[in-house]
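K.L.:
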Amino acid sequence: MQARNNRPSQAKVLRVFRKVHRQTGALLFVFFFVISISGLFLGWKKHSGDLILAKTQKGTSTDLKQWLSIDSLHQTAVLLFKDSISNTLSSEVDRIDIRKDKGMVKFVFKTDYWGIQLDGATGKLLKIEKRRSDFIENIHDGSILDAYFNTSNGQIKLVYTSIMGIALLIFTITGFWLWYGPKRMRRNASQ
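Here the sequence shown is numbered in UniProt numbering, starting from 1 and rising by one per residue.
1. Taking LYS65 as the reference, which of ILE85, THR122 and ALA26 has the closest Cα?
2. Compute the Euclidean distance between the alpha carbons of PHE29 and ASP119, then round it to the nearest angstrom.
3. Out of THR174, TRP177, ASP141 and PHE176, state which residue places its alpha-carbon closest to the alpha-carbon of SER36.
4. Is MET104 closer than 8 angstroms to GLY43 when the C-beta atoms are compared?
5. How big is the Cα-Cα spacing for PRO8 and GLN191?
6. Indicate the three-state DSSP secondary structure (helix, strand or coil) for residue 273 in the structure shown.
7. With respect to the alpha helix (DSSP H) encompassing ARG95, which residues constitute its N-terminal and C-terminal limits?
8. Pull the bridge partners of ASP119 from the DSSP assignment, please.
9. When we look at the beta-carbon of SER152 and count the other beta-carbons within 10 Å, is it buried (16 or more) or exposed?
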């Protein structure tokens, strides 16, 4: 008897969850679409045939004692950037990725997602790459808006990822309840 008296309140909870689920979904549809597509690309980046992420090349030596200094490699990378990519773009390096096991150093530039792979021992150019995966990652996590609006400390990324994370949590809870709630109501009604 108590289960039947409880049925209207369970139905009310289901209606509220359905409304929250539907309105949140409609409001954030575009963002979830962008996150899902960019997430698919990021998941496939190493299997894209160098389209999204260039293959890491191999240098001649994995012995760091035989390598050129980081300063020397940096100067070579900057020179190659100016000669091969652009002498008008900023050649400021965002990060240096040392791959000892591959015998190479990757210089990633702050401007326009460019990267240069050099042999760590000889300084020879191994690959110039357009880092599309970095661009896709910036779309995925919202940091592209921080770059566009020139904000400091990634405030837009923080707000964006917080909203999307909370929304995903809400979708998980309401979606589960929309699936489980009717089953529970039917089970209680049959008792």
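Even for Gly, the Cβ is constructed at its ideal location relative to N, Cα and C.
P.N.:
On the basis of the coordinates in this document:
1. Nearest in C-alpha terms to LYS65, of all of ILE85, THR122 and ALA26, is THR122.
2. Those two C-alpha atoms are separated by around 45 angstroms.
3. ASP141
4. no
5. Straight-line Cα distance between these residues: approximately 16 angstroms.
6. Residue 273 cannot be examined here, being either before or after the span of the chain that is shown, 1 to 191.
7. That residue, ARG95, is in no alpha helix (DSSP H); its beta strand (DSSP E) goes 93 to 99.
8. MET104
9. exposed
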